[in-house]
Amino acid sequence: MEYNTDDEFKKYLMDRINQLEDKNLKLKRLCEKLEEEKRSFENYRLQYERENRRLRNELERMHMPPLLLGTVLDILDDDRVIIKSSAGPRFMVNAPKSFDKNLTAGDNVVLNQQTSAIVDIIPMPKDPSVCGMEVINAPDVSFNDIGGLKDQIKAIKETVELPLKRPDLFNSIGINPPSGVLLYGPPGTGKTMLAKSVANSTDAVFIRVIGSELVQKYIGEGARMVRELFQLAREKAPTILFIDEIDAIASKRYDTTSGDREVQRTLMQLLAEIDGFDARGNVKILAATNRIDMLDDALLRPGRFDRLIEVPLPTLEGRIDILKIHTKNMPIAKDVDLREIARLSEGSTGADIKAITTEAGMNAIRNEKKIVSMTDFLIAVETVLRGGSHYSYKKSQFGSIYV
Numbered sequence: 001m002e003y004n005t006d007d008e009f010k011k012y013l014m015d016r017i018n019q020l021e022d023k024n025l026k027l028k029r030l031c032e033k034l035e036e037e038k039r040s041f042e043n044y045r046l047q048y049e050r051e052n053r054r055l056r057n058e059l060e061r062m063h064m065p066p067l068l069l070g071t072v073l074d075i076l077d078d079d080r081v082i083i084k085s086s087a088g089p090r091f092m093v094n095a096p097k098s099f100d101k102n103l104t105a106g107d108n109v110v111l112n113q114q115t116s117a118i119v120d121i122i123p124m125p126k127d128p129s130v131c132g133m134e135v136i137n138a139p140d141v142s143f144n145d146i147g148g149l150k151d152q153i154k155a156i157k158e159t160v161e162l163p164l165k166r167p168d169l170f171n172s173i174g175i176n177p178p179s180g181v182l183l184y185g186p187p188g189t190g191k192t193m194l195a196k197s198v199a200n201s202t203d204a205v206f207i208r209v210i211g212s213e214l215v216q217k218y219i220g221e222g223a224r225m226v227r228e229l230f231q232l233a234r235e236k237a238p239t240i241l242f243i244d245e246i247d248a249i250a251s252k253r254y255d256t257t258s259g260d261r262e263v264q265r266t267l268m269q270l271l272a273e274i275d276g277f278d279a280r281g282n283v284k285i286l287a288a289t290n291r292i293d294m295l296d297d298a299l300l301r302p303g304r305f306d307r308l309i310e311v312p313l314p315t316l317e318g319r320i321d322i323l324k325i326h327t328k329n330m331p332i333a334k335d336v337d338l339r340e341i342a343r344l345s346e347g348s349t350g351a352d353i354k355a356i357t358t359e360a361g362m363n364a365i366r367n368e369k370k371i372v373s374m375t376d377f378l379i380a381v382e383t384v385l386r387g388g389s390h391y392s393y394k395k396s397q398f399g400s401i402y403v
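Numbering (UniProt numbering), first residue to last: 1 to 403.
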């Protein structure tokens with residue numbers, strides 16, 4: 001192609017250069033896109049390879065022959081072991097020397113189904129219901145939330161909390177701290193709240209069980225649960241083991257029916273665990289009951305329950321303290337006389353007083369009031385304690401009158 005002038009030739013060259021640059025830019029973008037797709041495909045390849053290896057391992061594991069469970073019965077002098085398989089028969093096999101821990105009689109092991117050789121040692125199984133008795137989150141109840149039980153709080157701090165926080169004090173004196181505390185008294189007096197406060201104030205593991213949960217249908221099941229419960233407590237020591245309503249399994253023993261005899265077997269296991277041949281370690285026992293007169297004498301002796309703490313009905317001053325605790329966040333009128341309310345609620349428990357304050361608040365809500373008055377409290381006292389007949393509250397020149 002001929003060009004008439006130099007300018008035309010230069011223009012042609014510039015156009016050609018621009019075309020080549022545009023083409024080069026497009027090729028660069030295409031190369032970057034292909035590189036990005038290559039990296040993405042490489043990631044997918046690695047991901048699929050990992051998934052393939054995992055599935056192969058899972059398939060190989062599923063193709064492995066099943067193993068038998070067995071128990072070590074005896075260990076002979078020449079490193080041979082007598083085991084009993086879960087299928088029933090007993091075998092004598094050579095003890096493997098590759099285990100870090102030595103075999104002992106009673107260990108649970110897994111056996112090769114074909115050769116009955118010991119493959120591994122497995123821990124003793126625990127009942128899931130026993131493991132579920134451990135309280136993970138401490139209750140939000142402190143000793144400041146309990147009124148009228150100053151002496152009981154002092155006693156439980158000395159016998160349960162102090163040995164866990166300051167064991168050196170007992171070592172310096174040369175005595176063992178009290179091993180068990182039994183709280184007894186009428187229902188609603190604050191026994192369970194004391195236990196919750198101990199769980200809140202210490203860093204120890206808190207395990208709670210209700211006595212009726214240890215009553216099982218089949219022979220030996222209740223005793224097994226008690227044994228596993230204390231084993232769990234020893235493993236997680238320092239531990240506080242709280243048995244609520246202990247009279248469900250610890251009533252006095254008589255010649256009774258087969259069902260009651262199973263409860264008595266559970267009680268005997270409990271007695272052996274609390275103060276038996278095996279050391280209990282740093283495990284504190286805390287129990288509560290409404291019927292101490294029903295408990296077996298073997299349970300109440302020193303060494304099992306060293307401290308018997310009575311939680312009685314609150315006195316007048318105790319009822320005033322409880323009212324102050326339950327009304328501290330309640331907007332109450334100036335005419336509310338807590339001492340008078342405490343006097344009118346003579347013979348009531350801490351639970352009754354809490355119900356009175358709740359009912360007084362409900363009375364104010366029913367009447368669409370934002371402040372709880374003395375009349376609301378008087379109506380609540382009658383509703384909770386006396387079955388519904390209401391006081392009338394009047395002001396006079398001689399003071400407050402209750403009719």
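Built from N, CA and C at the ideal position, the CB exists for glycine as well.
Segment limits, alpha helix (DSSP H) that includes residue i
i, result
"F41", "6 to 63"
"V109", "First-last for V109: 108 to 112, but that is the beta strand (DSSP E), not the alpha helix (DSSP H)."
"N363", "350 to 366"
"N171", "167 to 173"
"M294", "Here M294 belongs to no alpha helix (DSSP H), and DSSP marks it neither H nor E."
"V381", "374 to 385"
Distance between residue j and residue i (C-alpha atoms, nearest Å)
i, j, result
"A298", "I365", "52 Å"
"L182", "R56", "58 Å"
"residue 408", "M14", "Residue 408 lies beyond the residue range present for the chain, which begins at 1 and ends at 403; the question has no answer from this structure."
"S348", "T357", "13 Å"
"E262", "P178", "30 Å"
"D293", "L338", "35 Å"
"M225", "I219", "12 Å"
"P314", "R307", "20 Å"
"V110", "R166", "43 Å"
"E235", "L229", "10 Å"
"D244", "T192", "8 Å"
"residue 405", "T71", "This structure does not reach residue 405, given that the chain is present from 1 up to 403, and the question cannot be answered."
"Q264", "M330", "48 Å"
"G147", "I122", "49 Å"
"P89", "D77", "22 Å"
"L40", "L20", "Correcting the residue type first, residue 40 is Ser in the shown sequence and not Leu. Approximately 30 Å, taken between the alpha carbons."
"N144", "P186", "21 Å"
Residues near residue i in its chain [Cβ-Cβ closer than 6 Å; skip 5 each side]
i, result
"Q152", "I309, V311"
"F91", "I83, S116"
"A355", "V384"
"S142", "S197, N200"
"L73", "I82, K84"
"L316", "A342"
"P302", "none"
"F305", "G180, L182"
"A95", "D79, V81, L103"
Beta-carbon proximity list for residue i, same chain, < 8 Å, skipping 5 on both sides
i, result
"R227", "Q269, E273"
"G399", "Legend: pLDDT at G399 = 42, less than 50; position of this residue unreliable, value from coordinates given subsequently. If we look at G399 and ignore the five residues flanking it on each side, it has no Cβ neighbours."
Spatial neighbours of residue i in its chain, beta-carbon cut-off 7 Å, leaving aside the 5 residues before and after
i, result
"Q113", "P65, P66, L67, L68"
"residue 444", "Lying before the first or after the last residue shown, residue 444 is absent from the chain, which here runs from 1 to 403."
First and last residue of the uninterrupted beta strand (DSSP E) at residue i
i, result
"V181", "180 to 184"
"D74", "67 to 75"
"D140", "Premise fails: D140 is in no beta strand (DSSP E) and is neither H nor E."
"L286", "283 to 289"
"I146", "No beta strand (DSSP E) contains I146, which DSSP labels as neither H nor E."
- Taking the runs of the beta strand (DSSP E) that are 3 residues or longer, which of them lie wholly in the region 186 to 234? 205 to 210
- Task: Count the CB pairs spanning the region 208 to 222 and the region 237 to 254 that are closer than 8 Å, and state whether there are at least three.
- Result: yes
- beta strand (DSSP E) runs contained entirely in the region 297 to 337, provided each spans 3 or more residues: 307 to 310
- Query: So does the region 366 to 385 actually touch the region 329 to 346, counting three or more Cβ pairs closer than 8 Å?
  - Reply: yes
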